[in-house]
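So the structure is just underneath, and the comments pick up after that.
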Amino acid sequence: MDTPQPLYSAESVRELDRRVIAALDIPSIALMKRAGRRAFAQLMLRWPDLRRLQVYCGGGNNGGDGYVVAALAAQKQIPVAAYACVPPEKLSGDARTAYEYAVREGVHVVQSLTELDAEDGDTVIVDALLGTGFSGELREPVGHAVERINRSVAPVLAVDVPSGLNADTGHGDRAVQADVTVTFIGRKLGLFCGRGPALCGEVIFEDLGAPAEVYRSLDPLAWRYTGESVPRLAPRRADAYKNQFGHVLVVGGDTGFGGAALMAAESTARAGAGLVSLATRPEHLAAALTRCPEVMAHPVISGQELEPLLEIPDVIAVGPGLGRAPWGEQLLARAGRAEVPLVVDADALNILAGGRVLAGVRRDDWVLTPHVGEAARLLGWDTAEVLADPLAAVREVQAKFSGVVVLKGAGTLIAHDGGVDLINGGNPGMASGGMGDLLTGIIAALIGQRMPLVDAVRLAVWLHGAAGDHAAAEGQRGLLATDLLPFVRRLVD
Ligand SMILES: NC(=O)C1=CN([C@@H]2O[C@H](COP(=O)(O)OP(=O)(O)OC[C@H]3O[C@@H](n4cnc5c(N)ncnc54)[C@H](O)[C@@H]3O)[C@@H](O)[C@H]2O)[C@@H](O)CC1
Ligand SMILES: [K+]
0 MDTPQPLYSA ESVRELDRRV IAALDIPSIA LMKRAGRRAF AQLMLRWPDL RRLQVYCGGG
60 NNGGDGYVVA ALAAQKQIPV AAYACVPPEK LSGDARTAYE YAVREGVHVV QSLTELDAED
120 GDTVIVDALL GTGFSGELRE PVGHAVERIN RSVAPVLAVD VPSGLNADTG HGDRAVQADV
180 TVTFIGRKLG LFCGRGPALC GEVIFEDLGA PAEVYRSLDP LAWRYTGESV PRLAPRRADA
240 YKNQFGHVLV VGGDTGFGGA ALMAAESTAR AGAGLVSLAT RPEHLAAALT RCPEVMAHPV
300 ISGQELEPLL EIPDVIAVGP GLGRAPWGEQ LLARAGRAEV PLVVDADALN ILAGGRVLAG
360 VRRDDWVLTP HVGEAARLLG WDTAEVLADP LAAVREVQAK FSGVVVLKGA GTLIAHDGGV
420 DLINGGNPGM ASGGMGDLLT GIIAALIGQR MPLVDAVRLA VWLHGAAGDH AAAEGQRGLL
480 ATDLLPFVRR LVD
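Residue 175 in numbering that gives the first Met the number 0 sits at position 176 of the sequence shown, and the numbers go up by one each step.
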């Protein structure tokens, strides 16, 4: 099993840059040349037949990397134009040295976007406008350059970070849409959360020969788990019996939302729970038993009726289709006091945010799984504030409620007492109703199978995204939550 990947802040990567320069005892321009060479090598690997190159260079060291790429292309007789977003006479330090190198190699440098030839099918664009030094809102003329890149038909390789994407937060309303991003020295968190996954395309990491010791004693912002590093369930013994794999109770499904609770229950069963019970509105029983007779479905018309059912399970998942009416509030109030681990999702989170039920409760043994809107409600923030800094948001929810908090997205963040983890996966086809209910069911099933809470969440989040990716082989549009179930079963072992 691989170890998870550390994800750093822009500031930490700047510190790493300094440490690498000191440890290798090389001038900083030598490191910039390494970066340019690695980016150029990826360019040639990806587009070996490229006929024309346009390199957009900013005024800092990211632009310097771009000038190095341009110089290397010119050396290979590839026609290359560099757009100097900042007039060359204003460049200093390594960026200036790199610019002079490009000019010496015969790169055609233009200072206005109108002087760039129109891109055609043979052009590849290199985006070296802004890297880790970017902050705030895009200023002109960089904004116009970003727009021109995004209007172009040419494929785009971004150097270090797609320009306009905040490397710390993944915020980027106005940023380059890249096909490939070659990132140096340390993986930046913003490439993997928020808008990062959508803007970066494939991310290629180049450590530029950084020795292992430079990474010591530098805390990453988060750890990224992939299919190679998520914890897995132990194989079942030949003499296994169902009580070893947990009894999960799913609570939810108010009138009109019966399917959500049923999907959570079914995914719990498909993720390997030994036994699954469902507490829901009486009118949903017949449908539940028809769809999934393995689930023990119980009618509840009040919180009181839920009480005896709370004695049985090893873990409770509450929220799918729960609604926000008094029925749901009563059920959450009761379930929230149960002495087994809880997975709290959907309307249970909205009720929690309302503050009338379980006010002030903090539990180490619960998992909260908000999406951006639910996280905003839990914190009393605007949705835009959560989107602007999802790491801060997930940490804040965890600080407020304790336990494990899963902020769902293209890069899902998992906050717990030991720090923050990130898992990428899934696809836009999964933006459809019921997907969250499945995740809730899978988390509960894995807790029931005796995984520690955090490990259960890590595996569940990966499994959910991977199942979604397998299911999307048939098409993203029209992908239904229940389409994932066969793949949940296939991938869980
Ligand atoms: N320091 C090093 O040793 C290395 C740095 N490298 C490269 O250097 C980059 C970092 O370089 P810098 O720290 O110079 O920063 P950048 O080049 O990323 O950004 C600085 C430039 O961006 C402009 N800028 C900042 N905010 C802006 C905004 N809101 N709107 C418009 N323009 C804005 C600044 O005026 C400045 O010209 C990395 O991303 C990487 O590409 C690599 O060459 C590897 C080695
Ligand atoms: K860039």
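We put the CB at the ideal spot given by N, CA and C, even for glycine. Since the model is a prediction, treat every value here as computed from it, not as a measurement.
Query: Near A324, what residues of its chain come up, given a Cβ to Cβ distance below 8 Å and the 5 sequence neighbours on each side ignored?; Result: D253
Query: On a CA-only basis, which of D206, R103 and G132 is nearest A38? Give me that one, please.; Result: D206
Query: Which residue from S8, P154, L30 and R50 puts its Cα closest to that of F191?; Result: S8
Query: Considering W365, what are the terminal residues of the beta strand (DSSP E) in which it resides?; Result: W365 to L367
Query: Is the beta carbon of G428 less than 7 Å from the beta carbon of M262?; Result: no
Query: Whose CB is closer than 7 Å to a heavy atom of ligand 2? List the residues in chain order.; Result: N61, D126, A127, L128, L129, G130, A157, V158, D159, V160, P161, S162 and V175
Query: Among S266, D218, E99 and Q329, which residue has its Cα nearest to the Cα of F486?; Result: S266
Query: Just tell me which of L412, D388 and G379 has its CA closest to the CA of K399.; Result: G379
Query: Where are the alpha helix (DSSP H) runs, 4 residues long or more, that stay fully inside the segment 166–254, in chain order?; Result: 195–199
Query: If you run the structure through DSSP and keep just helix, strand and coil, what is I148?; Result: helix
Query: Report yes if the C-beta distance between A287 and L305 is below 7 Å; otherwise report no.; Result: no
Query: Out of P389, A391, A409 and G418, which one is the CA nearest neighbour of V403?; Result: G418
Query: Pull up the distance between the alpha-carbon of A73 and that of G105, whole angstroms please.; Result: 6 Å
Query: Provide the residue(s) that pair with G302 in DSSP beta bridges, ordered along the chain.; Result: Bridge partners of G302: none, in fact.
Query: Taking the beta strand (DSSP E) that V123 falls in, what are its first and last residues?; Result: T122 to A127
Query: Identify the continuous alpha helix (DSSP H) that holds T267 and give its terminal residues.; Result: G257 to R269
Query: Assuming T96 is part of the alpha helix (DSSP H), what are its boundary residues?; Result: G92 to R103
Query: Confirm the yes/no value for this check: CB of V141, any heavy atom of ligand 1, distance under 6 Å.; Result: yes
Query: Alpha carbons only, please: which of V456, G327 and L248 is nearest the one belonging to I300?; Result: G327
Query: Given a threshold of 16 other Cβ atoms within 10 Å of its Cβ, counted over all protein chains shown, does D48 qualify as buried or as exposed?; Result: exposed
Query: Along the alpha helix (DSSP H) that carries Q4, what are the first and last residues, could you check?; Result: Taken as a continuous stretch (DSSP letters only), Q4 belongs to no alpha helix (DSSP H), being part of the beta strand (DSSP E) at Q4 to Y7.
Query: Could you pull the start and end residues of the alpha helix (DSSP H) that H463 belongs to?; Result: L452 to A470
Query: Out of L351, R147, L445 and G435, which has the shortest C-alpha to C-alpha gap to L479?; Result: G435
Query: Thinking C-alpha only, which one of L284, Q110, A211 and C199 is nearest P5?; Result: A211
Query: Pop quiz: F183 and A34 are said to be a contact at Cβ under 8 Å. What is the actual Cβ separation, rounded to whole angstroms?; Result: 5 Å
Query: Please identify the residue among T411, A260 and D313 whose C-alpha is closest to the C-alpha of G320.; Result: A260
Query: DSSP has L277 in a bridge; who is on the other side?; Result: V249 and A296
Query: Answer yes or no: the CB of A22 versus the heavy atoms of ligand 1, is any distance below 6 Å?; Result: no
Query: For N426, which residues of its own chain have a beta-carbon under 7 Å away from its beta-carbon, when the five flanking residues on both sides are left out?; Result: G467, D468, A471 and Q475
Query: Alpha carbon to alpha carbon, how far is M154 from I124?; Result: It is Pro, not Met, that sits at residue 154 in the sequence shown. Answer to the nearest angstrom: the Cα atoms are 6 Å apart.
Query: Please state the DSSP three-state secondary structure of R51.; Result: strand
Query: On the CB-based measure, 16 or more other CB atoms within 10 Å of its CB, does H143 come out buried or exposed?; Result: exposed
Query: Please state whether DSSP places T411 in a helix, a strand or coil.; Result: strand
Query: Run the proximity test for M429: is its beta-carbon closer than 6 Å to any non-hydrogen atom belonging to ligand 1?; Result: no
Query: What residues are listed by DSSP as bridge partners for L341?; Result: I315 and W365
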